[in-house]
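Peer 1: Here it is, the structure, as structure tokens.
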Amino acid sequence: NSGAPPLSIVLPQLWKFAGESVLAVHDAGTCLGLFDDGNGPGMNVLVVDTQVISRLLDPDREDHSLAAVARRLGVRVGEHRSEIGKALLTAEVLLGQMERLEAARITTFDQLVEAIRAHLTSAETQLEKA
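For the record, in the sequence shown the residue sitting at position 46 is 60 according to my numbering, with numbers rising by one throughout.
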């Protein structure tokens, strides 16, 4: 959008707004540059990626798009073409995933990170064997 302020203005505002919060995103890989922009504050932001959680919870599924994950969780997928719509859908997905994580006895951020690391290590081992 040509009328939008530049990232050099927006990112410091985002980091200030986020503070010490954990940001929830879907497919953080598409915006990792924002979290490591070399300006300092963003480099310390904690991020929970619902796509990564989906891969942890449903490793045999191929589709981990936001809409597919939402449908699997029984979340109504309405109009989510706008960024605010995607953000709201991501929040609802995360809430559904939190229930599944709790059932798997993953109840803290540290436990989630450890489970994801173990999952990624297992996936790497399987790829090496293939």
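Just so you know, even glycine gets a beta-carbon here, dropped at the ideal spot from N, CA and C. On a predicted model such as this, the values are computed, not experimentally measured, just so you know.
So which of 137, 114, 113 and 107 has the shortest CA-CA distance to residue 63?
Peer 2: Per the Cα distances, 107.
Peer 1: Can you round the beta-carbon distance between residue 38 and residue 135 to whole angstroms, since I take them to be within the 8 Å contact cut?
Peer 2: Rounded, the Cβ-Cβ distance is 24 Å, inconsistent with contact.
Peer 1: Go through the region 53-96 residue by residue and report every complete run of the alpha helix (DSSP H) that reaches 4 residues or more, in order.
Peer 2: Whole alpha helix (DSSP H) segments, 4+ residues: 64-71 and 80-86.
Peer 1: Less than 8 Å between the beta carbons of residue 42 and residue 24, yes or no?
Peer 2: Against a cut-off of 8 Å, the Cβ pair of residue 24 and residue 42 comes out as no contact.
Peer 1: To the nearest angstrom, how far is the alpha carbon of residue 32 from that of residue 26?
Peer 2: Looking at the two C-alpha atoms, the distance is approximately 10 Å.
Peer 1: Can you tell me where the alpha helix (DSSP H) holding residue 42 begins and where it ends?
Peer 2: Counting along the chain, residue 42 falls outside any alpha helix (DSSP H), and DSSP gives it neither H nor E.
Peer 1: For residue 132 and residue 140, I'd like the C-alpha separation in whole angstroms.
Peer 2: Between residue 132 and residue 140, the C-alpha separation is close to 12 Å.
Peer 1: When we look at the beta-carbon of residue 111 and count the other beta-carbons within 10 Å, is it buried (16 or more) or exposed?
Peer 2: It is buried - the Cβ of residue 111 has at least 16 other Cβ atoms within 10 Å.
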